[in-house]
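Going by full-length UniProt numbering, the sequence shown runs without a break in its numbering and finishes at 839. Cβ atoms here follow ideal geometry from the backbone N, Cα and C, with glycine treated the same way. Step one of this worksheet: look at the structure below.
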Amino acid sequence: MTLEEKVLLLTGEDLWRTNAVPRLGVSRIKTSDGPVGVRGGIFTDGVSAASAPTGVSLAATWDLSVIRDVCSVLIHEAKSKEVDVLLGPTVCIPRTPLGGRNFEAYSEDPYLTGKIAGEFINRLQDAGIGACIKHLAANDQETRRFFIDEKIPDRALREIALQPFQIAIRDSNPWTVMTAYNKINGTFCSAHEFLIRDVLRKEWGWDGLVMSDWFGTNSVVPSVRAGLDLEMPGPVRRRGKHLIDAYQKGLVDLSFIDASASRVLELVHKVGKSSIPDWEEGNEKADDLPEHRAIFRRAGAEGIVLLKNSAKLLPLSDLGGRRIAILGPNALLSVATGGGSSNLAPHYRTTPYESIKSEITAKFSTAKVQAHAGILTHRYIPLVDPAVMTNPETGKPGFQLSLFRNMNHSGQPFMIEHRPSSNLVCYDGLPPELTTGERYSYRGRTILKPKTTGLHEFSLSSCGPGRLMLDGQVIINIERHWWSPKSSLFMSYGSPEERVKIYMEAGREYELLLESISREPKPYNLDYMAELEREEVQDGGRIGFMENPGDLDRFFQDGVDIARDSDIAIVVVGKDHEWETETSDMVSMDLPGRSNEFVSAVASVNPNTIVVNQTGSPITMPWKDEVSAIVQAWYQGQEQGNCLADVLLGTVNPSGKLPITFPKRIEDTPPYDNYPGENDVVYYGEGIYAGYRFYDHRKIEPLFPFGAGLSYTMFEYGNMRISSHEYHEEVGIEVEVDVTNTGLRDGKEIVQFYVGQINPRLHRPVRELKGWDKVFVPIGQTVTARMKIDKVSLSYWDDSVNKWVVEKDSKYHVTAAKDSRDEGLTVAFRSPKEYQWIN
């Protein structure tokens with residue numbers, strides 16, 4: 001293999017594929033986002049895919065069988081789209097409730113996260129689909145994520161940020177690892193020798209492939225030396241001719257290049273491409289199968305958490321002749337997931353209103369179900385409704401997008417596409433030179449036919465200079481340079497949204513035209529040995545259009561009036577892919593707009609108010625004591641409405657429990673004094689006290705504790721016992737507790753086992769989750785929940801010896817509890833011996 005061929009392997013060919021070496025029969029590998037669905041090889045407007053519940057919802061099931069079932073769907077989806085490596089799971093620990101990407105992660109607890117990730121990885125890889133565990137490490141805030149330097153103490157790095165990776169790698173051996181964008185203690189993760197070479201490879205003995213996050217290779221030579229094998233995506237930016245030149249100048253040894261090339265070749269073998277060197281990719285398929293629908297519906301329902309049911313209003317029953325109002329901004333929406341790289345086009349969508357109404361009327365034909373949003377909570381002006389726009393060339397709903405190899409939209413376009421959406425992303429399918437600096441212009445055109453007459457609102461965000469025209473008149477003009485202010489749109493490369501109101505007539509046809517120029521490249525000096533800033537990478541324009549909604553105060557009151565005239569009011573609130581999204585953290589724990597005010601107004605006129613919250617992060621609940629029931633529904637993918645209906649009407653007895661703490665206010669949270677940092681530096685002042693560990697340590701009462709969740713039945717714990725009161729590594733300790741169903745229906749209970757050390761030499765959390773058992777308990781029966789204590793359950797990281805340590809003659813207690821604050825049942829034991837190890 002020539003030097004050029006080796007270096008070719010170390011970077012991607014395009015957005016989703018590695019390079020092939022035809023001379024040697026080396027095939028390319030195809031990757032795809034992400035943890036909650038296999039999007040395939042097109043970032044925007046691609047083939048539809050099965051949309052699973054998000055990571056935090058899957059973690060709320062505390063059920064590894066659910067993880068395995070979900071993965072069976074992802075495996076089929078990956079094969080139908082010819083994907084070799086799925087870019088997931090995401091195992092970074094949510095640090096603040098404001099984290100824009102929290103919904104994609106599993107839990108604030110490293111143990112729960114690592115165990116779920118290990119199961120996810122094993123199931124995928126057993127079927128020949130590679131997993132890519134991400135993001136190494138501590139990619140837990142979106143604010144300034146490409147630049148932020150996280151100052152993390154060694155114990156916190158080991159016990160919190162790295163432990164999910166360590167557990168998952170120990171349990172599953174993922175074929176690939178993805179590095180994070182951020183710096184840790186002064187060094188970008190993509191060139192972090194300590195993380196990649198010392199910890200990942202030497203200490204943990206892991207020998208898989210390390211790839212960068214997309215456009216996250218921040219150096220030429222340092223990343224290769226650190227052990228970053230693959231720069232993604234392509235075409236090449238940091239490597240290629242630059243790496244060859246660096247080698248010829250003696251800046252990097254050939255052994256580093258050889259090692260990385262070998263790991264790429266090993267991955268080609270693992271995904272089964274060694275025997276098909278002439279592989280040619282076929283068309284991606286959209287396989288919407290009934291068995292997949294059933295799996296996701298079950299998975300979603302298992303993750304829903306019942307937080308309050310004070311009046312035993314749930315499950316809904318005896319609804320014949322009764323009036324049910326389904327209210328709130330999310331009642332009529334399908335909020336499948338958060339925003340960012342994990343987003344995809346679901347095979348289908350369900351809404352709370354449609355699903356709940358369908359289930360109610362099927363069981364109670366005389367029930368009356370009515371819906372009303374009450375308030376608007378959009379962050380950006382909504383995209384153009386397909387019902388009012390027509391591509392003038394194809395006649396289909398959407399835009400005609402034309403791209404030109406010049407800066408003035410002149411001559412014949414080199415590419416013409418139909419786009420079904422007014423989010424005109426220029427990211428997929430462009431010639432390589434247009435993704436690495438050569439500029440171009442593009443034009444998006446549609447015929448707009450509004451349904452109503454009035455003062456309607458348009459908006460525009462663009463990556464480069466752009467102007468929006470209506471019937472030839474410029475209504476919005478954006479002049480942009482690479483240093484201009486940015487928003488969360490276009491993965492943080494779009495301009496802040498500009499808005500304008502225009503009077504329009506119902507039924508009249510208007511030509512809506514966007515003309516824009518690709519972004520201006522950001523200049524930089526390519527120093528082979530230096531750390532380099534991330535490039536600007538996206539282009540496109542987003543057009544919003546909203547017809548005049550009328551009197552919003554009247555709209556609000558109409559919703560309240562419907563609640564007053566109803567027997568039961570279900571208020572569906574939450575956020576969506578605009579509020580919770582990769583590239584942008586949230587500014588508040590509060591629900592958007594007038595959501596809290598609307599909930600209180602409904603509760604004041606209807607004592608039977610049920611609140612359903614759809615978020616991937618904790619929210620404030622000033623109305624908690626005003627409502628009868630609270631349901632945390634997360635983002636449930638394509639089955640969002642159906643699994644919610646199953647829980648509300650009792651088809652499924654809720655068994656989900658919170659994998660994150662819900663604090664009362666942002667001021668109570670662990671990083672409040674430090675997040676999001678200053679001058680691109682953030683200090684992890686909470687140290688090892690992440691999540692519930694912090695609330696226990698500071699004696700702060702949360703709104704709902706980690707592990708909380710109710711059922712439609714009741715459980716009692718008793719007869720807790722352990723196999724020995726002394727721990728010895730050879731045998732461990734078996735812990736058992738009996739769980740009795742004292743209620744009126746069958747149910748599942750998640751018994752959580754917390755271990756705490758008594759009088760430790762170093763400061764430690766009061767107690768930490770070290771096991772759980774989800775058990776099914778029929779009415780009136782008793783079953784046994786179990787866990788096994790090993791040395792990992794007892795240890796902490798001692799940075800004075802750089803090892804995991806169990807102290808000699810140390811004393812512990814293990815508690816079987818219903819949540820992190822439950823006193824539960826406790827037994828004590830000791831470890832007479834000292835243990836030290838690295839992995």
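Option in Gly780, His813, His728 and Val751 with minimal Cα separation from Tyr835: Cα-wise, what sits closest to Tyr835 is His728.
By DSSP, does Asn309 sit in helix, in strand, or in coil? Strand at Asn309.
Where do the N-terminal and C-terminal ends of the alpha helix (DSSP H) with Asn642 fall, by residue? The continuous alpha helix (DSSP H) containing Asn642 extends over residues Gln640 to Leu648.
When you compare each of Pro496, Glu150, Ile160 and Ser260 to Arg201 by their alpha carbons, which one comes out closest? When each option's Cα is compared against that of Arg201, the closest is Ser260.
Quick check: Asp207 and Lys115, are their CB atoms within less than 9 Å of each other? Not a contact, by the Cβ cut-off of 9 Å.
Report the partner residues of Asp738 according to the DSSP bridge assignment. Gly718 and Thr784.
Could you tell me the distance, in whole angstroms, from the CA atom of Ile167 to the CA atom of Leu195? The straight-line gap from Cα to Cα measures roughly 15 Å.
Limits of the beta strand (DSSP E) - the one that Leu64 falls within: Where Leu64 is concerned, there is no enclosing beta strand (DSSP E), although the alpha helix (DSSP H) it sits in stretches over Leu64 to Ser80.
Reference Phe414; option with closest CA among Tyr440, Ser421, Ala828 and Val210: The residue with the shortest Cα to Cα distance from Phe414 is Tyr440.
For Glu686 and Pro676, believed in contact at Cβ under 8 Å, the rounded distance: About 14 Å separates the Cβ atoms of Pro676 and Glu686, ruling out a contact at the 8 Å cut-off.
Answer yes or no: do Ala52 and Ala299 have a C-beta to C-beta separation smaller than 9 Å? Going by C-beta atoms, Ala52 is nearer than 9 Å to Ala299.
Measure the CB-CB distance between Ala817 and Gln752 and report whether it falls below 9 Å. In this structure, Gln752 lies closer than 9 Å to Ala817 by Cβ.
Pair within 9 Å by beta-carbon distance, Glu533 and Asn218: Contact: yes.
Should Arg145 and Tyr111 be called a contact, given that it needs their Cβ atoms to be closer than 9 Å? No. Outside cutoff.
What residue does the alpha helix (DSSP H) around Phe296 start on, and which one ends it? Pro290 to Gly303 is the span of the alpha helix (DSSP H), which, as asked, contains Phe296.
Tell me which residues share the same chain as Gly411 and place their Cβ nearer than 7 Å to its Cβ, disregarding the 5 neighbours each side in the sequence. Taken in chain order, the residues that qualify are Phe404.
Distance, Cα to Cα, Gly250 vs Met232? If you take the alpha carbons of Gly250 and Met232, they lie about 25 Å apart.
Rounded Cβ spacing between Gly444 and Phe399 (contact assumed at less than 8 Å): Between Gly444 and Phe399 the beta-carbon gap is near 5 Å, inside 8 Å, which marks them as a contact.
Please list the terminal residues of the continuous beta strand (DSSP E) segment that includes Tyr754. First-last of the beta strand (DSSP E) with Tyr754: Gly747 to Ile758.
Apply the 10 Å Cβ neighbour rule to Trp16 and answer buried if 16 or more other Cβ atoms are within range, or exposed otherwise. By the neighbour-count rule (16 or more Cβ atoms within 10 Å), Trp16 is buried.
For the beta strand (DSSP E) containing Leu470, list its first residue and its last residue. Taken as a continuous stretch (DSSP letters only), the beta strand (DSSP E) holding Leu470 covers Gly466 to Leu470.
Look up Asn613 in the DSSP assignment and say whether it is helix, strand or coil. Asn613 falls in the strand class under three-state DSSP.
Is the Cβ-Cβ distance between Gly234 and Phe256 less than 9 Å? Not closer than 9 Å, so no.
Can the beta-carbon of Leu512 be found less than 9 Å from the beta-carbon of Phe555? No, these two residues do not count as a Cβ contact at 9 Å.
Helix, strand or coil, according to DSSP, for Pro346 in the structure here? Reduced to three states, the DSSP call for Pro346 is strand.
What are the start and end residues of the beta strand (DSSP E) that includes Leu124? Per DSSP, Leu124 belongs to no beta strand (DSSP E); it is in the alpha helix (DSSP H), Pro110 to Asp126.
Proximity of Ser459 and Thr581 at Cβ, strictly below 9 Å: No.
Let's see if you can read the secondary structure: which residues bound the alpha helix (DSSP H) around Glu354? Segment Pro352 to Lys363, the alpha helix (DSSP H) holding Glu354.
Give, in chain order, every unbroken run of the beta strand (DSSP E) that is at least 3 residues long and sits entirely within the region 141 to 181. Scanning the region 141 to 181 from its first residue to its last, the whole beta strand (DSSP E) runs of 3-plus residues come out as 149 to 151 and 176 to 179.
Whose C-alpha, out of Val627, Arg225 and Asn653, is nearest the C-alpha of Asn606? If we check each option's Cα against that of Asn606, Val627 comes out closest.
My output table needs one value for Leu333: the three-state DSSP class, helix, strand or coil. Here Leu333 carries a coil assignment [DSSP, helix/strand/coil].
In this structure, what does DSSP give as the bridge partners for Phe256? Partner(s): none; Phe256 has no beta bridge.
Determine the DSSP secondary structure at Tyr727, reduced to helix, strand or coil. Here Tyr727 sits in coil by DSSP.
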